[in-house]
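Chains as they are written, first to last, in our numbering: chain A, 13 to 339; chain B, 123 to 446; chain C, 358 to 829.
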């Protein structure tokens with residue numbers, strides 16, 4: 013039993029004042045200058061988003077003709093921008109609401125699927141000894157460089173026309189008889205599959221790094237007790253990997269939520285399936301001059317990732333790269 | 123309200139899909155677990171690795187080979203043209219290549235360096251999580267949102283008029299009467315676009331590196347201190363070596379993200395004004411000008427650009443796996 | 358699960374359309390009547406669907422499209438809100454009478470997405486294609502199906518041959534024209550003109566006399582913006598086209614489109630010089646935004662704003678710009694005495710090109726030959742649809758079956774229709790939309806942008822555009 017094991021199951025970040033760098037070093041380096049630098053950077057990093065929020069709350073004429081910082085001299089606040097974007101109005105025919113639900117319906121499964129599959133694959137590479145495991149691992153790592161854009165067309169063809177090698181079907185032609193519409197068109201399924209495919213290389217790489225450092229003794233003890241790989245994976249590896257899996261799941265959720273390219277390629281822009289980013293892109297494309305609307309739309313699109321991040325951050329800060337920390 | 127009610131079935135279908143997916147895996151596990159003895163290993167590999175490998179093959183490997191093959195064909199992917207597409211890149215797109223190299227070098231290093239600095243400074247500070255959250259926030263913002271936000275920063279107006287862009291206004295407050303039109307200000311406009319990328323990525327670097335720093339075993343630090351290592355010495359002799367692996371992962375991850383980045387350039391300048399990068403040119407060639415040959419060749423140039431990075435990482439990983 | 362979701366989606370969309378109709382009913386008196394009939398029509402929708410092909414009361418005009426109840430037709434376009442709502446409103450009666458559900462999807466990535474979806478086997482049933490050049494490319498790749506018989510009949514009867522030719526590739530007619538843009542307009546503020554005693558110029562020389570007058574009065578006469586996301590630069594190509602047609606007439610213009618006259622030729626160089634004296638003249642531009650370079654960074658949607666603020670005199674833009682004035686100023690009116698209006702960009706020399714007009718438009722191509730798709734395509738080419746859409750405003754059709762009194766008196770639509778249907782004029786389609794995508798949606802955009810932004814020498818700009826012209 014390794015002494016390191018407990019470290020991997022700690023979920024929350026260590027409380028302040030318990031940091032690993034010792035008190036002595038802290039006193040030495042925690043100068044007012046350090047505080048000043050941090051405060052300046054934090055303020056700089058926040059200003060652009062504050063500008064967005066303020067612009068979204070200003071009346072149309074103010075937003076277009078004056079800088080948002082003049083708001084502090086002339087604080088006029090309106091929520092009508094948000095009302096218009098949420099429910100639709102004279103300018104935006106359809107509100108953001110249906111797109112909002114689509115984003116959830118796309119992002120939640122698209123965060124869970126790759127994580128489950130990647131943790132299975134990572135376990136196999138790390139703990140099931142077989143020839144070629146190293147090669148597969150490096151191959152998967154290298155796949156991160158494949159530009160997404162180049163995979164779009166082949167995947168689209170697969171979803172809609174099927175794939176076959178010669179006469180052997182690899183993926184069935186799902187076209188409805190007598191029409192050029194695939195059964196998958198207008199569903200979330202192509203999106204889930206595409207996002208899963210694109211997420212796997214990084215997910216497998218990071219989870220492998222984590223799982224490979226789980227204590228060997230644990231596995232061997234379980235093996236001696238007669239546990240097979242499936243049992244070990246479910247009862248030992250998966251529970252111990254929760255911090256890493258959860259943290260990557262949050263990142264994956266953010267990436268999928270913010271994706272535009274995959275969404276417009278596989279889902280199109282109808283309110284049936286298109287996500288918030290697609291709505292936002294069209295809003296921006298249409299209303300170059302309607303800053304008050306585009307900013308309100310942008311802020312609505314940001315809210316969910318922010319909530320996810322602020323509420324869950326303490327759980328994932330630790331987990332993400334814990335595995336790669338020990339060289 | 124009606125729209126909300128209409129939205130609920132969408133969430134239901136997502137939940138159903140997750141349920142079916144997990145149920146399918148459970149059945150697979152149940153069957154897999156029944157194999158014992160010599161078959162146990164192969165069956166486990168098949169079940170654990172199979173789904174991921176199939177998806178990765180269909181979604182990435184096959185398209186990658188198609189792209190390489192397609193880079194030797196003409197615009198409509200009909201006739202073989204040899205290396206003409208590559209000749210076109212190196213003859214006419216040098217500016218794009220230079221910009222891309224600048225991006226790959228500067229943006230990841232700046233993000234990582236700033237992230238590391240923040241992680242170190244924050245490690246011994248009150249209200250650490252507040253600062254961390256605010257700095258991480260841009261990571262949660264989509265590129266579409268970021269382009270709207272930074273449009274508000276870089277907007278140019280006649281200096282005689284009321285300013286709408288914050289950067290111009292700040293520069294004017296500082297006494298510069300005639301700020302440049304930022305987006306057109308070559309070659310600095312490239313760096314202004316990189317600022318957006320750094321703004322997004324610093325939070326990622328900071329959070330990950332901060333976790334790594336906190337993970338340095340206390341006894342290592344104490345031992346170093348007994349030897350008299352403090353301040354810079356502690357940092358360069360103990361902290362950096364201890365988190366080296368994490369630093370490499372962070373740098374690599376951001377570099378790969380930068381290499382594939384096209385959203386920022388596309389939304390801010392569309393590659394005009396001398397800011398074009400390979401990924402955006404690839405998108406434009408493939409999807410706007412319908413020259414698949416050029417597009418594929420640019421994609422291959424991107425692969426090749428990352429190969430050294432991958433080799434370096436693989437060497438590092440081999441060392442780690444060898445230790446294990 | 359799939360079927361359930363689809364129906365749900367349709368319900369959402371229907372809800373959206375209903376909301377638009379309701380809003381339209383609230384906001385304007387003239388449309389109240391239409392909405393009322395639409396409501397009764399939708400009330401009878403269910404009955405129609407169940408009884409099969411019996412034509413419900415009020416639906417007699419649609420009898421030829423019957424027999425497709427419950428079918429759905431997807432339309433993909435680059436036309437976004439607020440115009441999207443007007444389209445959905447214009448065919449809502451068709452939908453409720455025929456039982457065909459039209460699913461509208463707009464995207465600002467239309468030009469990139471359409472070929473991708475076609476190649477990926479996910480083509481829409483119908484697309485509104487604004488570029489004949491793109492249509493030709495899609496036909497070469499085997500996407501569109503030839504126009505339905507009804508469509509052909511409608512186009513032969515109601516459009517002039519030039520419009521039909523833009524929808525024809527290699528002798529086969531694919532796509533009927535939909536809307537038309539009159540691009541040879543100059544927008545201005547009638548109120549400002551009246552206050553300063555300016556008169557609308559009717560000749561090329563008067564236009565420059567007026568510009569110089571404005572300079573003397575301390576106002577920049579022109580503003581412009583060519584930023585348009587992935588399509589940045591298109592507005593600049595329009596300016597060049599106006600000058601090309603005015604300087605040399607239709608024949609040379611056609612040769613230019615077909616690359617029989619190079620960009621790097623004396624003709625185009627001279628036209629660029631004229632444009633340089635206009636939109637790159639630091640005395641003339643860029644009113645309200647700053648120096649010449651700001652043209653490259655100003656969104657075309659924003660470009661007209663300074664006109665209402667009195668900081669800029671005129672903007673050369675197409676008829677569809679009528680939609681934007683409300684964005685700049687709440688309640689801004691478009692009309693001959695309103696906040697904004699447009700005059701015809703005068704001819705240079707009537708002997709070379711009498712009343713030159715550069716126009717644009719969309720073409721309705723079908724990608725499936727199902728009967729309901731043919732029905733929709735035919736309907737969109739009919740004078741009934743064109744009249745229904747035109748009556749909602751800010752839209753013009755070159756369909757001669759549309760009574761001219763459909764357009765509101767004194768509206769920009771009426772003015773556009775007047776020029777677009779005048780057979781004595783020199784009408785030409787937007788050149789960049791006719792050219793191959795590598796030029797018309799590529800090099801010409803980026804090079805013209807560089808010409809404004811970086812002051813790239815004219816000769817280099819023109820050579821670079823020529824170099825991008827596809828080999829074959």
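Note that beta-carbon positions come from the ideal geometry of N, C-alpha and C, so glycine has one too.
Model, not experiment: these values are computed from the prediction.
Cross-chain neighbours of residue i in chain B, by beta carbon under 7 Å
| i | result |
| --- | --- |
| residue 815 of chain C | The premise fails here: residue 815 of chain C is roughly 17 Å from chain B at the closest Cβ pair, so nothing lies under 7 Å. |
| residue 827 of chain C | 197 |
Test: residue i CB closer than 7 Å to a CB of chain B
| i | result |
| --- | --- |
| residue 270 of chain A | yes |
| residue 686 of chain C | no |
| residue 339 of chain A | For residue 339 of chain A, the predicted model reports a pLDDT of 33, less than 50, meaning its position is unreliable; a value from the coordinates is still stated below. Taking Cβ atoms only, chain B reaches closer than 7 Å to residue 339 of chain A, which makes this a yes. |
| residue 589 of chain C | yes |
Short CB-CB distance (under 7 Å) between residue i and chain A
| i | result |
| --- | --- |
| residue 478 of chain C | yes |
| residue 466 of chain C | yes |
| residue 491 of chain C | no |
Where the beta strand (DSSP E) containing residue i begins and where it ends
| i | result |
| --- | --- |
| residue 577 of chain C | 577–579 |
| residue 279 of chain A | Neither: residue 279 of chain A is in no beta strand (DSSP E) and is coded neither H nor E. |
Test: residue i CB closer than 7 Å to a CB of chain C
| i | result |
| --- | --- |
| residue 32 of chain A | Model confidence at residue 32 of chain A stands at a pLDDT of 46, short of 50, so the residue's coordinates are unreliable and nothing is read from them. |
| residue 302 of chain A | yes |
| residue 294 of chain A | yes |
| residue 371 of chain B | no |
Neighbour list for residue i in chain A, Cβ cutoff strictly below 7 Å
| i | result |
| --- | --- |
| residue 460 of chain C | 282 |
Chain B residues whose Cβ lies nearer than 8 Å to that of residue i
| i | result |
| --- | --- |
| residue 811 of chain C | 306, 308, 395, 396 |
| residue 650 of chain C | 303, 306 |
| residue 2 of chain A | Residue coverage of chain A in this structure runs from 13 to 339, which leaves residue 2 of chain A outside it and unanswerable. |
Buried/exposed call for residue i, threshold 16 Cβ in 10 Å
| i | result |
| --- | --- |
| residue 137 of chain B | exposed |
| residue 323 of chain A | exposed |
| residue 491 of chain C | buried |
| residue 729 of chain C | buried |
Bounding residues of the alpha helix (DSSP H) (the contiguous stretch that carries residue i)
| i | result |
| --- | --- |
| residue 770 of chain C | 769–777 |
| residue 228 of chain A | 228–236 |
| residue 766 of chain C | Looking at the DSSP string, residue 766 of chain C is not in any alpha helix (DSSP H), and its letter there is neither H nor E. |
| residue 462 of chain C | From DSSP, residue 462 of chain C is part of no alpha helix (DSSP H) but of the beta strand (DSSP E) over 458–463. |
| residue 454 of chain C | 449–455 |
| residue 163 of chain B | 162–178 |
| residue 555 of chain C | First-last for residue 555 of chain C: undefined, no H or E at that position. |
| residue 265 of chain B | 265–276 |
Partners in chain C for residue i, counting only beta-carbon separations shorter than 7 Å
| i | result |
| --- | --- |
| residue 173 of chain A | 478 |
| residue 276 of chain A | 464, 466, 470 |
Cross-chain neighbours of residue i in chain A, by beta carbon under 9 Å
| i | result |
| --- | --- |
| residue 473 of chain C | 164, 165, 168, 277 |
9 Å Cβ cut-off: residues of chain B touching residue i
| i | result |
| --- | --- |
| residue 120 of chain A | 133, 136, 137, 140 |
Heavy atom of the ligand ZN within 6 Å of residue i beta-carbon
| i | result |
| --- | --- |
| residue 652 of chain C | Questions concerning the ligand ZN fall outside what the structure shown contains, since it holds no ligand whatsoever. |
Exercise for the section: Could you tell me whether the stretch 221–229 of chain A touches the stretch 140–155 of chain A, using the rule of 3 or more Cβ pairs below 8 Å? Expected result: Counting Cβ pairs under 8 Å, fewer than three are found: no touch.
Problem - Cβ contact check for the stretch 772–779 of chain C and the stretch 536–556 of chain C: 3 or more pairs under 8 Å - result: Note that the stretch 772–779 of chain C touches the stretch 536–556 of chain C; at least 3 beta-carbon pairs, one per stretch, sit closer than 8 Å.
Exercise for the section: Answer yes if the stretch 294–307 of chain B comes into contact with the stretch 202–221 of chain B, meaning at least three C-beta pairs across the two stretches below 8 Å, and no otherwise. Expected result: No: the two stretches stay apart, fewer than three of their Cβ pairs being nearer than 8 Å.
Practice task
Spell out a yes or no on whether the stretch 460–470 of chain C and the stretch 156–172 of chain A are touching, meaning 3 or more CB-CB pairs, one atom from each, closer than 8 Å.
Solution key: No, the stretch 460–470 of chain C does not touch the stretch 156–172 of chain A.
Exercise for the section: Inspect the CB distances between the stretch 103–118 of chain A and the stretch 239–253 of chain A and report whether three or more fall short of 8 Å. Expected result: With a cut-off of 8 Å on Cβ pairs, the stretch 103–118 of chain A is not in contact with the stretch 239–253 of chain A, counting fewer than three such pairs.
Handout entry: Three-pair Cβ contact test at 8 Å for the stretch 251–265 of chain B versus the stretch 399–415 of chain B
Key = Look at the beta carbons and you see the stretch 251–265 of chain B not touching the stretch 399–415 of chain B: under three pairs across the two are nearer than 8 Å.
Handout entry: the stretch 730–739 of chain C / the stretch 489–498 of chain C touching (three or more Cβ pairs under 8 Å)
Key = Verdict: no, contact absent.
Practice task
Count the CB pairs spanning the stretch 749–765 of chain C and the stretch 805–815 of chain C that are closer than 8 Å, and state whether there are at least three.
Solution key: By the Cβ criterion, the stretch 749–765 of chain C is not in contact with the stretch 805–815 of chain C, since fewer than three pairs of Cβ atoms, one from each stretch, lie closer than 8 Å.
Exercise for the section: Could you say if the stretch 385–404 of chain B and the stretch 254–272 of chain B meet the contact criterion of at least three C-beta pairs nearer than 8 Å? Expected result: Taking a cut-off of 8 Å on C-beta distances, the stretch 385–404 of chain B touches the stretch 254–272 of chain B, as three or more cross pairs fall below it.
Handout entry: Inter-stretch contact at 8 Å, needing at least 3 Cβ pairs: the stretch 274–290 of chain B / the stretch 645–653 of chain C
Key = The stretch 274–290 of chain B is in contact with the stretch 645–653 of chain C.
Handout entry: Any 3 or more C-beta pairs closer than 8 Å across the stretch 273–287 of chain A and the stretch 61–71 of chain A
Key = Contact between the stretch 273–287 of chain A and the stretch 61–71 of chain A is absent: fewer than three C-beta pairs spanning the two stretches fall below 8 Å.
Problem - Segment contact flag, the stretch 413–424 of chain C with the stretch 473–485 of chain C, C-beta cutoff 8 Å, min 3 pairs - result: Counting Cβ pairs under 8 Å, fewer than three are found: no touch.
Handout entry: Sufficient close CB pairs (3 or more, under 8 Å) joining the stretch 71–91 of chain A to the stretch 332–352 of chain B
Key = Result no; under three Cβ-Cβ pairs closer than 8 Å.
Exercise for the section: Evaluate the contact criterion for the stretch 691–703 of chain C versus the stretch 716–732 of chain C: three or more CB pairs, one atom per stretch, below 8 Å. Expected result: They do not touch, by the three-pair rule.
Problem - Stretch pair the stretch 361–381 of chain B + the stretch 197–206 of chain B: three plus CB contacts closer than 8 Å - result: No, they do not touch.
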